[in-house]
Amino acid sequence: GIIAGRKDLIKTLSKAPLMRTLRVDKFTIASLNVILKFYLKEEDLFSKSPVFRMLNRSKDELLQIAEKLSDELKSNQIKNEIVETKAQCGGGALPQLELDSYAVKILPEIDEKNPAYRTGRFADKLFKSLLRNEKPVLGIMREGEFLLDVFTIDEEEIKTIVEAIKNNMITIK
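So, in structure tokens, the structure goes:
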């Protein structure tokens, strides 16, 4: 965040042990410069900022992404189903804001020889293994199920996500 205020109060903060956090580096200034320029033209804000683009997707757009992800998973013999969910925007200016979304729930294959597939352990194993990928895939663990909320997924990421899930499904069997 950015701290703005009276000079005397900011000076008091700069004497605190964590004053390093008050110093702005070149990267922070450059990032702020880019984002603030987006705010000058609304069309730039939505076309060039991934966060604003994702926040402005319609429920129909999210469903289309969920369907593409689901179809791609099914074409790789990964059982799944689309479920309605709530995406959460966390912290900052939007604490706990919930937005309608869709998720793809990965379903375990029933394997009589592997009890992990008959319990909620499957979802936990998949969740943890996907985080260890070279390109981690962050899903949601909810009530013993593994979900991929499509709120922050772009279409061009679907093949990478499916490949990661396919590879990890093999290793956790």
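Under this note's numbering, read the sequence shown as residues 600 to 772, first letter to last. Think of the CB as a built atom: it goes at the ideal place given N, C-alpha and C, for glycine as much as any other residue.
Provide the residue(s) that pair with residue i in DSSP beta bridges, ordered along the chain.
i	result
Ala702	Val682, Asp748
Arg741	Glu744
Gln687	Glu697
Please determine, among the options, the residue with the shortest C-alpha to C-alpha distance to residue i.
i	options	result
Val703	Ile752, Lys724, Arg652, Leu696	Ile752
Ser700	Arg656, Lys678, Val650, Leu737	Arg656
Ile705	Ser646, Ile760, Leu635	Ile760
Ser773	Phe637, Glu754, Asn767, Lys625	Any question about residue 773 goes unanswered here, given that the chain covers just 600 to 772.
Gln663	Phe750, Lys765, Ile771	Phe750
Lys685	Glu671, Leu661, Asn675, Asn679	Leu661
Gln687	Ile769, Glu680, Leu698	Leu698
Asn766	Ile628, Asp748, Leu747, Glu733	Glu733
Leu729	Leu696, Ile602, Ile769, Val682	Ile769
Val682	Lys640, Leu696, Ser646, Leu747	Leu747
Gly743	Phe721, Pro735, Val736, Val623	Phe721
Give every residue of the same chain whose Cβ lies closer than 6 Å to the Cβ of residue i, excluding the five residues on either side of it in the sequence, and list them in chain order.
i	result
Phe726	Gly738, Met740, Phe745
Leu672	Asn679, Val761
So the alpha helix (DSSP H) residue i belongs to, where does it begin and stop?
i	result
Ser646	641-647
Asn565	Any answer about residue 565 is impossible in this case: the structure gives the chain only from 600 up to 772.
Ser728	720-730
Ile609	606-613
On the three-state DSSP scale, how would you describe residue i?
i	result
Gln663	helix
Glu708	coil
Glu697	strand
Ser674	helix
Arg656	coil
Excluding sequence positions up to five away, which residues of its chain have a Cβ less than 7 Å from the Cβ of residue i?
i	result
Phe637	Asp643, Leu644, Lys647, Ser648
Ile677	Ile705, Ile764, Lys765, Met768
Within the same chain, show all residues whose beta-carbon is closer than 8 Å to that of residue i, passing over the 5 residues directly before and after it, in chain order.
i	result
Lys758	Glu671
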